[in-house]
Amino acid sequence: MGKFNLTQKIDRRTFSRQVGKGIGAAAIMSSLPFACSSAAIAQKEKLGIALVGLGYYGSILAESLQKTKICELKGLVTGTPSKAKLWGSKYNIPEKNIYNYQNFDDIADNPDIDIVYVVLPNSMHKEFSIKAAKAGKHVICEKPMALNVKECEEIIAACNEAKVELGMGYRMHSEPYTQEVKRFAKENVFGKPHLVTSGSGYIMRGNPNQWRLKKDLAGGGALMNMGVYSIQCAIYATGEQPIAVSAQEFKTMPDYFKEVDETITIQLEFPSGCIANLHTSHNANINDLYITYENGWCRLEPAHSYGPIQGETSKGVMDFPVVNQQAEQMDDFAKHILQDAPNLCPGEMGLRDMQIVEAIYKSIDAGGKRIALDLIEF
Ligand code: NAD
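Sequential numbering from 7 applies to the sequence shown in our numbering.
Structure below.
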């Protein structure tokens with residue numbers, strides 16, 4: 007677990023189990039210094055989620071929260087009063103559960119809210135994830151987790167300190183085709199993977215002042231926004247953590263992508279000898295994953311859009327139900343809290359990916375030099 011201590015989280019889960027078994031909540035509460043809402047949460051059938059940031063992705067999450075089974079949209083946090091009114095009436099959210107960025111800390115006193123989902127520009131993930139943890143709320147943080155490794159570590163430390171759970175908004179882990187690719191690696195279905203290729207990107211246009219083009223708000227460009235999908239693909243396709251990376255950067259529109267990266271190619275080396283050749287771009291529509299194993303192959307295309315995902319292996323066409331990835335992801339996190347299910351995408355996963363992202367930028371700055379990776383284990 008590297009330098010992060012999971013003891014507090016395990017204690018909290020033990021607590022939930024004990025409450026679930028009918029052991030007196032008040033007695034346990036008085037003996038353990040848990041976040042104030044733990045006893046109440048353990049009694050709930052559905053957890054209340056507050057969305058922080060009502061932009062493009064916030065609206066997708068709000069719609070998905072109409073389809074979740076064990077969590078529901080209960081709160082909104084926005085800096086725009088007109089959105090507060092519109093969303094409040096659309097989703098039947100009472101005024102007492104609507105906050106702005108200034109009074110956000112008051113959410114600590116609101117028992118309707120169990121989870122805060124941070125869906126803001128990347129530069130604001132750290133501030134609001136930490137504020138949410140300090141308010142005693144469990145946290146889901148969108149990808150990329152923050153601007154850099156140090157910020158990711160600070161978020162994890164704050165959640166540990168506050169004894170709340172932290173999950174990443176990595177929706178693919180709750181998607182059946184992706185879960186099948188993970189199983190191929192885990193159960194050695196086609197033997198060892200030898201080569202992984204994956205691309206993730208889209209053609210970004212529009213307002214040249216949008217936050218995704220600003221280094222201080224986004225942290226980086228295509229790599230931070232889309233490249234994380236291909237990095238994730240390579241890791242779950244191999245079931246291994248990479249040991250080294252080399253990368254190269256290219257720009258076809260340097261005037262538009264002035265501050266951040268447009269197109270990056272990446273080679274990740276794995277302990278087994280497998281190599282992943284990845285590419286990400288904000289000026290190319292790419293969305294695929296191809297794995298060649300000792301005894302077969304698997305291709306997903308599209309591989310990381312909202313769905314339907316499509317796939318084929320050397321054994322035939324893959325056929326899984328189309329799911330609402332975001333609804334499944336939020337229910338999976340709620341299951342972790344309510345039913346002690348595994349946290350599919352803990353904060354440490356976001357930190358690990360940021361360690362890789364930083365190494366990629368380091369390699370590019372060093373003219374494509376091979377950078378050895380020393381990643382957090384979890
Ligand atoms: P967006 O620009 O559509 O929305 C951002 C929201 O933040 C808006 O409501 C805006 O009003 C608010 N905001 C507050 N301060 C701001 C500031 N200084 N500048 C700009 N906006 C500010 O962005 P989005 O597409 O919703 O992305 C939000 C987060 O969600 C990002 O971290 C992004 O990477 C992530 N995201 C994840 C997925 C996914 O599939 N998991 C998809 C899209 C976006």
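C-beta atoms are modelled at their ideal positions from N, C-alpha and C, and glycine is treated no differently.
Residue i beta carbon near the ligand NAD (any heavy atom closer than 6 Å)
| i | result |
| --- | --- |
| G175 | yes |
| Y63 | yes |
| E148 | yes |
| V125 | yes |
| L357 | no |
| W217 | yes |
| L350 | no |
| N128 | yes |
| G233 | no |
Reference residue i; option with closest CA among the options
| i | options | result |
| --- | --- | --- |
| K221 | L153, G373, T298 and A164 | L153 |
| D338 | N330, F263, N349 and V329 | N349 |
| V202 | A282, N103 and L172 | A282 |
| N301 | I241, L71 and H200 | H200 |
| Q361 | M178, Q247 and A163 | Q247 |
| I99 | A114, F110, T86 and G54 | G54 |
| I73 | K341, L284 and Q331 | Reading off the sequence shown, one finds Lys at residue 73, where the question assumed Ile. Selected option, being the one with the closest Cα: Q331. |
Cβ-Cβ distance between residue i and residue j below 7 Å
| i | j | result |
| --- | --- | --- |
| H288 | G227 | yes |
| F196 | Y97 | no |
| H144 | V170 | yes |
| P308 | N293 | yes |
| G233 | T286 | yes |
| M174 | C351 | yes |
| G279 | A191 | no |
| V155 | E354 | no |
| K80 | I119 | yes |
| A46 | V122 | no |
Reduced DSSP secondary structure (H/G/I, E/B, other) of residue i
| i | result |
| --- | --- |
| M259 | coil |
| Y176 | coil |
| E383 | coil |
| C239 | helix |
| I136 | helix |
| K52 | coil |
| L344 | helix |
| Y208 | strand |
| E334 | helix |
| T74 | coil |
| H200 | strand |
| N194 | coil |
| A41 | Only weak support exists for where A41 lies, its pLDDT of 48 falling under 50; the value from the coordinates is given anyway. DSSP places A41 in coil when its eight states are reduced to three. |
| P388 | Here the chain covers residues 7 to 384 and nothing more, so residue 388 does not appear. |
| G322 | strand |
| T244 | helix |
| G233 | helix |
Residues of its chain near residue i, where Cβ-Cβ distance is below 7 Å and the 5 sequence neighbours each way are ignored
| i | result |
| --- | --- |
| K52 | I76, C77 and E78 |
| A168 | A41, A139, K140 and G142 |
Close Cβ partners of residue i (< 8 Å) along its chain, the five nearest in sequence each way excluded
| i | result |
| --- | --- |
| V124 | V58, G59, M130, H131, F134, S135, A138, V145, I146, C147 and E148 |
| N194 | none |
| Q316 | Y183, L306, E307, P308 and M324 |
| G85 | N106 and Y107 |
| M259 | E268 and N289 |
Any non-hydrogen atom of the ligand FAD closer than 6 Å to residue i Cβ
| i | result |
| --- | --- |
| G59 | Among the ligands present in this structure, namely the ligand NAD, the ligand FAD is not found. |
Residues near residue i by beta carbon distance below 6 Å, same chain, minus five either side
| i | result |
| --- | --- |
| S252 | Q273, S369, G374 and R376 |
| Y296 | T203 and R305 |
| G225 | N128 and L153 |
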